[in-house]
Structures are given as structure tokens and as C-alpha cells.
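For the sequence shown, the residue numbers in my numbering are 22 to 357.
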Amino acid sequence: MTKLLTGRSLVKIASAALCTLALSATSSFAADRVKVRISTPAVESDWHAKMLTVFKDELEKTAPGEFDVEIHLNASLFKQGTEPAAMQRGNLDMAMISAQDIAKQIPAWSVFTAGYLIRDPDHQKKVFNSDIGQKFYKMVADDMNIEILDVGYLGTRELNLASDKKITTPDDLDGVKLRMPGSDAWLFLGNALGADATPLAFGEVYTGLQTGTIDGQDNPLPTVKAVKFYEVTKQIVLTDHLVDAIFLSMAKDTYDDLSAEQQEKVQDAAAVATAYNNEKRIADEKSLVDFFKGEGLKVYAPDVPAFRKKVQDAYLESEFAQDWPDGIVDQINAVK
22 MTKLLTGRSL VKIASAALCT LALSATSSFA ADRVKVRIST PAVESDWHAK MLTVFKDELE
82 KTAPGEFDVE IHLNASLFKQ GTEPAAMQRG NLDMAMISAQ DIAKQIPAWS VFTAGYLIRD
142 PDHQKKVFNS DIGQKFYKMV ADDMNIEILD VGYLGTRELN LASDKKITTP DDLDGVKLRM
202 PGSDAWLFLG NALGADATPL AFGEVYTGLQ TGTIDGQDNP LPTVKAVKFY EVTKQIVLTD
262 HLVDAIFLSM AKDTYDDLSA EQQEKVQDAA AVATAYNNEK RIADEKSLVD FFKGEGLKVY
322 APDVPAFRKK VQDAYLESEF AQDWPDGIVD QINAVK
């Protein structure tokens with residue numbers, strides 16, 4: 022005997038069907054979101070970690086529900102320097118990579134690892150927004166399968182030492198174990214400054230300064246504050262030896278899978294994020310000399326022309342310079 026459906030039964034069936042449709046739509050919506058995993062060695066309080074949050078928030082504002090951005094800080098996903106290879110393997114979607122990272126695979130990029138070449142943050146932005154920068158970005162896209170979205174100011178690198186020995190010229194750094202990231206380009210810079218360049222992972226620097234494994238490190242002042250290196254050092258020497266850059270980048274396979282509209286939104290979000298980072302970092306640097314003096318550190322400028330001459334001579338006589346495009350130094354210097 023066939024049962025007749027009551028009104029209440031029909032309501033239950035309709036409700037169940039609607040729930041199923043809603044769940045299906047939600048699952049489909051979640052599946053359509055573009056997952057973007059970002060890895061960085063930065064700590065939460067550093068400006069270029071906050072820059073990534075700005076990037077994520079800007080994308081959510083301009084492309085709500087289209088992206089699922091995951092930010093992994095403290096090198097918790099990939100160690101510093103391994104991010105380019107991770108993007109190339111398809112294991113990572115985005116990272117902030119350095120010229121030193123790129124130079125490992127594209128030797129011409131070592132020109133941007135040279136000390137005393139880029140003059141200041143404004144010069145840096147103008148160089149990479151010019152035809153020069155676009156040509157170098159294209160090298161990265163073609164040869165590394167990585168899309169550079171924008172350049173951010175990482176800061177001007179200074180010497181931060183655990184000893185109180187007065188540093189006036191490069192000769193005063195003789196025998197000083199200066200921590201540098203572990204690539205040829207970084208180590209060359211440390212040695213060019215006159216120190217004994219010593220490779221050490223970023224996460225081990227604080228302990229290394231405490232134990233004497235290293236005598237010093239070089240970083241922009243905001244990083245020295247963010248990671249509290251000032252707690253285990255005695256002085257900051259304002260050598261201004263490298264106006265450092267960080268390149269907000271995306272794996273090209275991830276980028277190419279986006280629609281043209283999504284690519285534009287990603288580019289725009291990157292521009293907003295780097296502008297935020299640059300503004301905050303520049304303001305931070307101006308106030309930090311007084312902060313470090315207040316913490317008991319000596320902060321002073323050495324004979325910068327002596328450092329500039331030694332470093333520039335070392336680069337021009339090095340194998341690195343042989344890989345630089347003809348006339349590139351003059352072209353960079355000509356950007357005003």
C-alpha cells in the first residue's frame with residue numbers, strides 16, 4: 022500500500038534537499054578558491070611579515086572569496102634560501118626572495134648583490150620600475166619560472182657586533198666572524214667588507230651571538246630590533262653597505278593558472294603591500310638609532326668612503342662582474 026506524503030513530510034524532504042544543495046554549493050565554492058601558500062623566515066613583528074598580511078587582506082578586499090592565502094612565518098614551511106626551489110618544484114606558491122637567491126641560478130643578477138650600488142630606497146624602486154628592472158624580471162620568469170610581482174625595501178644593512186672594538190676602516194674587521202646567509206653572493210659581500218664571512222641560518226643568529234659562534238651579523242635596523250639582536254650585541258656600525266631588496270614573487274605555474282583579472286588583482290595587492298612595507302620601514306629606520314642608543318649600544322658611522330672603495334674594488338675585480346651585462350653599472354647609476 023502506498024503511503025501518502027503529508028505536508029510535514031514534504032517540508033522535511035524539501036529542507037533536506039536545500040541543505041544538500043547548500044553544502045554542495047559551499048564545497049564547490051571552497052574548491053574554487055585559489056590556494057596560495059607563502060613561506061618566509063620573517064618573524065611576526067617584522068615589517069615584511071606584516072607586508073604579507075597586507076597582501077592577503079588586500080586580495081580579500083578586491084577579490085572576496087577568490088583566494089585562500091596561507092602565511093607561514095619563521096621559516097616554518099621552508100628554510101631561508103630554499104623558497105625558489107620549492108616554487109620551482111610546485112611545492113610553494115609565493116615567497117619573498119632576494120637577489121642573492123636569484124643570482125645562484127642567474128649569475129647576471131649578482132649585480133644587485135654588490136655593495137654600494139643602489140643608493141637609497143627611492144633609487145631602488147626607480148631602478149626596478151624602469152626598463153632595467155623589467156629586463157631582469159623577465160630573466161627570472163624565463164629562466165626560473167618565477168613571476169616577480171614587486172620589489173620591497175628590506176632596509177639598509179649595517180654591521181651589528183657583539184664586541185666593543187671600534188670599527189673605522191675595513192682593516193678593523195680583520196678576523197671578525199661576520200654572519201652572512203649561506204650563498205656565494207652573501208659570503209663574498211662579507212669578505213669584501215674585510216670580515217671573515219661565516220654562513221649561519223637566520224634562526225640561529227641570536228644564539229650564535231650569545232655563544233660566540235659568530236662575532237657579529239649584518240641586517241637592516243628594523244630587523245635588528247624585531248629579532249632583538251640588540252640584546253646580545255654591543256654596537257652598530259653604520260656602514261650603509263647594502264640597500265637591500267626583497268622581491269615578492271609567485272610561482273609562475275600558479276600565476277599562469279590565474280585569470281587575467283586575477284593576475285591584475287594579485288599585482289595590485291603586491292603593489293599595496295610593498296608600498297606599506299616601504300613606508301613603515303623607512304620611518305622605522307629613522308627612529309631606531311635613538312632606540313638602540315637607549316638600549317646601551319654604541320651607534321656610529323665609520324669611514325664609509327674607505328668601505329665603499331674596498332667593496333667596489335672587490336666586486337669589479339671579481340668573477341661576479343664578468344657575468345654582469347655590459348654597461349649595467351653605468352645604467353643603474355644613471356637612474357635618477
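Where is the CB? At the ideal position from N, CA and C, for every residue including glycine.
Under the three-state DSSP convention, the category P105 falls into: Helix.
Segment contact flag, the region 286 to 302 with the region 67 to 75, C-beta cutoff 8 Å, min 3 pairs: The answer is yes - the region 67 to 75 touches the region 286 to 302, with three or more Cβ pairs under 8 Å.
Which listed residue (I303, V325, F313) has its alpha carbon closest to that of D143: If we check each option's Cα against that of D143, I303 comes out closest.
Nearest-angstrom beta carbon gap, L259 and A7 [assumed within contact, 8 Å]: The requested residue 7 does not occur in the structure, where the chain is confined to residues 22 to 357.
Alpha carbon of A43 to alpha carbon of D53, nearest angstrom: Only weak support exists for where A43 lies, its pLDDT of 49 falling under 50; the value from the coordinates is given anyway. Rounded to whole angstroms, A43 to D53 spans 15 Å at the Cα level.
Buried/exposed call for Q343, threshold 16 Cβ in 10 Å: Q343 counts as exposed, since fewer than 16 other C-beta atoms from the protein chains shown sit within 10 angstroms of its C-beta.
Beta-ladder partner(s) of G173, from DSSP: G173 is bridged to I267.
Beta-carbon proximity list for I349, same chain, < 6 Å, skipping 5 on both sides: Residues V132 of the same chain have their beta carbon placed closer than 6 Å to that of I349, with the five preceding and five following residues left out of the count.
For M115, the nearest candidate out of S151, P128, T219, L170 (CA to CA): Comparing Cα-Cα distances from M115 to each of S151, P128, T219, L170, the minimum goes to L170.
Neighbourhood of A294 by C-beta, 6 Å cutoff - its chain only, sequence neighbours within 5 removed: By the criterion of a C-beta distance shorter than 6 Å, A294 is surrounded in its chain by M72, V75, F76, once the five residues flanking it on both sides are discounted.
Counted within 10 angstroms of its Cβ, other Cβ atoms place Q181 as buried (16 or more) or exposed: As written in the sequence, residue 181 is Asn, which differs from the Gln given in the question. Under a 10 Å Cβ-count criterion, N181 is classified as buried, with 16 or more other Cβ atoms of the shown protein chains found around its own Cβ.
Chain-order list of residues whose beta-carbon lies under 6 Å from that of T190 (same chain, five-residue window excluded): Counting only Cβ-Cβ distances below 6 Å, and skipping sequence neighbours, we find D324, A327.
Beta-carbon proximity list for D274, same chain, < 8 Å, skipping 5 on both sides: Within the same chain, D274 has close Cβ partners G111, N166.
Cα-Cα separation between L80 and L113, rounded to whole angstroms: Between L80 and L113, the alpha-carbon positions lie close to 18 Å from each other.
Exposure of S280, with buried meaning 16 or more beta-carbon neighbours within 10 Å: Here S280 is exposed. Its C-beta has fewer than 16 other C-beta atoms within 10 Å.
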